[in-house]
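Below is one structure, written out as structure tokens, with a few remarks after it.
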Amino acid sequence: MKVLVTGGAGYIGRHTVQALLEQGHKPVILDSLVYGHRDFLTSANCPYYIGSISDHALLRRVFREHQFDGVMHFSAFAYVAESVRRPDVYYRNNLMGTIELLDQCVEHGVKTFVFSSTCATYGLAQTPTMAENHPQNPVNPYGRSKWMVEQVLKDYEIAFGLKHVILRYFNAAGAHPDGHIGEDHSPETHLIPLVLYTAMGKLPEIQVFGTDYDTPDGTCIRDYIHVCDLADAHILGLHYSIRHNKSVVANLGNGSGHSVRQVIECCQQVTGKSIPARETGRRPGDPPVLVARSDYARTELGWAPQYSSLRTIVEHAYRWHLGRHA
Ligand SMILES: NC(=O)c1ccc[n+]([C@@H]2O[C@H](COP(=O)([O-])OP(=O)(O)OC[C@H]3O[C@@H](n4cnc5c(N)ncnc54)[C@H](O)[C@@H]3O)[C@@H](O)[C@H]2O)c1
């Protein structure tokens, strides 16, 4: 398959480019490099374009130069707190930019659009584990921008026949097992890299937000899913949608959660370092538990995560960070 990968110089997009290449497909990357990495482009053995999905002329050129079987759309801004301060920027990039891209897909006869959605579209969890039919009440502009794109995709299918694969990720983590690509957000807000940076002496301490939640050890529980398992799900989803001429909405998570304390403990074991932690109060809006039910992706798409153990996720992440920040 020939696949346009927007945001392919970012974390999850670049791992998916790798998986596409490893499985014999033909990715083409489009990334503005606002948050992506130039070396992620040059190390990928595929064509790439540097620019924004909001650049109409560039988009037209990309779609004229290639006939895509599908588009995988990772490019977005994804900082929740920033989205509260600058909803204009988030709706422009995440919603309006996506509509530009969708219009090109329709104009050029692309069959399926694979979209990076998020558990943030659910808002506050009403049940300990969330299936795809959990009510969607996003609580910040980032989550709402993703929810809005989901609605646009459903309308584009009805009006123009463009199929979609909406993948709602839980907490992406880990790195490619060979250590050549991995997570490198700036600023970094995700727990596992922050704990590993603390172990590596790049941060003085890790802050634990809230120790009085109604969870076994009092800290928040999240569902960590290996980035290579996420990448595989995108390819399975695209195949499935094209083969069955059908749209799909699927959660992607491991179905089991780990607390903040368990993550710190696991990072201590993997790195062999003592990791100073400072316990502080709860952050507003942090739900105690967010764990996916991913039965649909497993049964319908045949998705079988390879790296579901937290220890493996942390080992792969640590290998990458040691190489990146040596
Ligand atoms: N990381 C997670 O845990 C997580 C969880 C749920 C959903 N997601 C979603 O997955 C996607 C990828 O996340 P990530 O962690 O890889 O983020 P990332 O920031 O590493 O990658 C996003 C990439 O998109 C690019 N980009 C942003 N706006 C662009 C534009 N207008 N045109 C072209 N390129 C643009 C950035 O330069 C970056 O390379 C995002 O849509 C995010 O909302 C991520």
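Heads up: the sequence shown begins at 577 in our numbering, then just goes up one per residue.
Glycine residues also receive a C-beta, built at the ideal position from the N, C-alpha and C atoms.
Quick caveat: nothing in here was measured; it's all calculated off a predicted structure.
Can the beta-carbon of residue i be found closer than 8 Å to that of residue j?
i	j	result
Leu-678	Leu-597	no
Ile-588	Ala-748	yes
Val-690	Val-741	yes
His-649	Ser-692	yes
Leu-743	Tyr-816	no
Val-865	Ala-701	yes
Tyr-904	Ile-801	Here the chain covers residues 577 to 902 and nothing more, so residue 904 does not appear.
Met-577	Gly-646	yes
Arg-614	Ile-757	no
Cys-622	Val-604	yes
Thr-618	Ile-818	no
Val-581	His-601	no
Arg-900	Asp-760	yes
Arg-887	Cys-842	yes
Val-682	Phe-736	yes
Leu-606	Gly-584	yes
Can you find the residues in the same chain that come closer than 6 Å, C-beta to C-beta, to residue i, ignoring five residues on each side of it along the sequence?
i	result
Val-846	Val-890, Glu-891, Tyr-894
Ser-659	Tyr-666, Asn-716, Pro-717, Tyr-718
His-560	Since the first residue of the chain shown is 577 and the last is 902, residue 560 is not available in this structure.
Asp-793	Ser-835, Arg-837
Gln-680	Leu-635, Phe-639
Ser-664	Per the sequence shown, residue 664 should be read as Asp rather than Ser. Excluding positions up to five away in sequence, the list is empty.
Gln-712	Thr-697, Tyr-698, Trp-723
Pro-881	Asp-805
Residues bridged to residue i by DSSP?
i	result
His-649	Thr-582, Phe-691
His-834	Arg-798
Thr-705	Val-867
Thr-856	Phe-785
Ala-739	It should be noted that the sequence gives Lys, not Ala, for residue 739. In the DSSP output, where bridge partners are listed per residue, Lys-739 has Thr-688.
Ala-826	Leu-743
Val-604	Leu-580
Ala-749	His-802
Ile-626	Asp-607
Just to confirm my understanding: we take residue i, look at its own chain, exclude 5 residues before and 5 after, and list those with CB closer than 7 Å. What are they?
i	result
Thr-694	Gly-719, Lys-722, Arg-744, Tyr-745
Val-836	Leu-767, Val-784, Thr-795, Cys-796
Leu-634	Tyr-625, Gly-627
Ala-853	Glu-781, Ile-782, Val-784, Ile-840
Ala-873	Ala-809, Ala-826, Asn-827, Leu-828, Trp-879
Glu-726	Ser-693, Thr-697, Ile-742
Please confirm if residue i has its CB atom under 8 Å from at least one CB of chain B.
i	result
Ala-652	Included in the structure is just one protein chain, with no chain B present.
Return the Cβ separation of residue i and residue j in integer angstroms, given the expectation that the two are a contact with Cβ distance under 8 Å.
i	j	result
Gly-833	Val-824	Their Cβ separation, rounded to whole angstroms, is 24 Å, which puts Gly-833 and Val-824 out of contact at 8 Å.
Phe-644	Val-610	Wrong, their Cβ atoms sit about 23 Å apart, outside the cutoff.
Tyr-698	His-684	Between His-684 and Tyr-698 the Cβ distance is about 33 Å, and since that is not below 8 Å, they are no contact.
Less than 8 Å between C-beta atoms, sequence neighbours within five positions excluded: which residues of the same chain meet that for residue i?
i	result
Ser-630	Arg-668, Asn-669, Met-672, Gly-673, Glu-676
Pro-704	Val-865, Val-867
His-810	Thr-592, Ala-595, Met-648, Val-690, Val-741, Leu-743
Arg-859	Phe-785, Gly-786
Pro-714	Ala-696, Thr-697, Tyr-698, Gly-699, Arg-720, Lys-722, Trp-723
Thr-791	Ile-797, Ser-835, Pro-864, Val-865
Glu-764	Leu-770, Tyr-773
Ser-850	Gln-844
Met-706	Cys-695, Tyr-698, Asn-827, Leu-866, Val-867, Ala-868, Arg-869
At least three beta-carbon pairs within less than 8 Å, the stretch 797-808 to the stretch 770-784: no
Would you call the stretch 778-785 and the stretch 654-666 in contact, with 3 or more CB pairs under 8 Å? no
Are three or more beta carbon pairs between the stretch 862-872 and the stretch 824-839 nearer than 8 Å? yes
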